[in-house]
Every structure is written in structure tokens, then in C-alpha cells.
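Undergrad: Take any residue in the sequence shown, count from 1 to its spot, add 7: that is its number in this note's numbering.
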Amino acid sequence: MRAVVQRVTSASVSVDGKAVGRIEPDGQGLLVLVGVTHDDGADGAAKLARKVWGLRILDDERSASDVGAPILVVSQFTLYADTAKGRRPSWGAAAPGPVSEPLVAAFVAALRGLGAHVETGVFGADMKVSLVNDGPVTLILDA
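Now the structure itself:
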């Protein structure tokens, strides 16, 4: 699994013009874009959730777990794009929906199990993501 983690002061995701997930923390929160590849499993989803929850990237080197910061999770298969040849990305490394959807759900469930308040997008939908990146702080994590 791969995640792009952004420290935000607000973030939302909408589908067909309607907000389906939104965080407006009193301070900072995290926007996490999550991609899944073919050999990922539930253990990797749990490991990635623990890593995101404990990352010390908020003010004063605190983590989301330290301050109860909310997290917005959005699935994004394009994180596994292969751009090595030509100008058209290949999506072969991204797991298909029947594989990736349950693993994104497992990632969200693992975060919630750790105590996180998590909002989400809609898997497979055409989503519009809005955010105010704070810092900016953006990290790429591979599980």
C-alpha cells in the first residue's frame, strides 16, 4: 500500500457536487490518499494505519494520536501509475477494485480501531478533493 499524507487545516471530498467527507480540525488534521497494489494485504493496511496515526508531523512534533486530529482518507489508484515509458501512464501496478476496496476499508477500520476520527470519500467515484495544506507538509509512505 502507498499513502500520500498531507498535513491540513481543512479538507473535504465531494461526489456529484455533494460533500461526502470533511474535516475541519481545531488546529491540524491529515488528508491521506491511499493506493493499493496486487500483493498488499490486511497486515499492510494495519501497519500503514499505525504509521499514519503515529507520524509526528503536526505542530510541536506531535502526532494525530497525540492530539486526536481527524483524518480524511481518499482512495487513489493513480498512486501506482507507471510513467517510465512514454507520456501515457500505465495502471498495471494498481490492484483492481475487488482487491483494493476491501484493503482501503481495512485501512480505515484500523485507523478507527486506534481511536481516530476518520472521514472518507466514495471508493471508485469521480471525487473532487479540496484541502488547505499546512506547511506545506506532504509525505509519501509505502507499507
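Glycine included, every Cβ here is placed at the ideal spot set by N, Cα and C.
How close, in whole Å, do the beta carbons of Leu138 and Leu38 come, if the pair is a contact with beta carbons under 8 Å?
TA: Leu138 to Leu38, Cβ: 5 Å. Contact.
Undergrad: Which runs of the beta strand (DSSP E) fall wholly inside the stretch 71-149 and span at least 3 residues, in chain order?
TA: The qualifying runs are 78-82, 125-127 and 134-149.
Undergrad: Should Pro105 go down as buried or exposed, given a rule of 16 or more other Cβ atoms within 10 Å for buried?
TA: Pro105 comes out exposed.
Undergrad: I need the boundaries of the beta strand (DSSP E) containing Val39, first residue and last residue.
TA: Val39 -> beta strand (DSSP E) spans Gly36 to Gly42.
Undergrad: When DSSP labels each residue in this structure, what does Leu55 get in the three-state scheme?
TA: Correct three-state label for Leu55: helix.
Undergrad: Any chance the stretch 20-34 sits against the stretch 87-95, with 3 or more Cβ pairs inside 8 Å?
TA: As far as the Cβ criterion goes, the stretch 20-34 does not touch the stretch 87-95, which means the pair count is below three.
Undergrad: Ser19: buried (16+ other C-beta within 10 angstroms of its C-beta) or exposed?
TA: The residue in question, Ser19, is buried, as its Cβ has 16 or more Cβ neighbours within 10 Å.
Undergrad: Just to confirm my understanding: we take Ala117, look at its own chain, exclude 5 residues before and 5 after, and list those with CB closer than 7 Å. What are they?
TA: Within the same chain, Ala117 has close Cβ partners Ala52, Ala53 and Ala56.
Undergrad: Since Ile78 and Gly128 should fall inside the 8 Å C-beta cutoff, what is the C-beta to C-beta distance between them, to a whole number of angstroms?
TA: Not confirmed; about 12 Å, so no contact.
Undergrad: By Cβ distance, which residues of its chain are closer than 7 Å to Asp141, with the 5 residues on each side in sequence left out?
TA: Taken in chain order, the residues that qualify are Arg14, Val15, Thr16 and Gln35.
Undergrad: Val12 to Lys25, Cα distance in whole Å?
TA: If you take the alpha carbons of Val12 and Lys25, they lie about 23 Å apart.
Undergrad: Starting from the Cα of Met8, find the closest Cα among Ser21, Asp46 and Gly131 and give me that residue.
TA: For Met8, the nearest C-alpha among the options comes from Asp46.
Undergrad: Where does Glu126 land, buried or exposed, given buried means 16+ other C-beta within 10 angstroms?
TA: When all chains shown are included, Glu126 counts as buried.
Undergrad: So, helix, strand or coil for Gly24, using DSSP?
TA: Of the three classes helix, strand and coil, the one that applies to Gly24 here is coil, per DSSP.
Undergrad: Using CA atoms only, rank isn't needed, just tell me which of Asp23, Pro109 and Arg119 is closest to Ser82.
TA: Minimum Cα distance to Ser82 is reached at Pro109.
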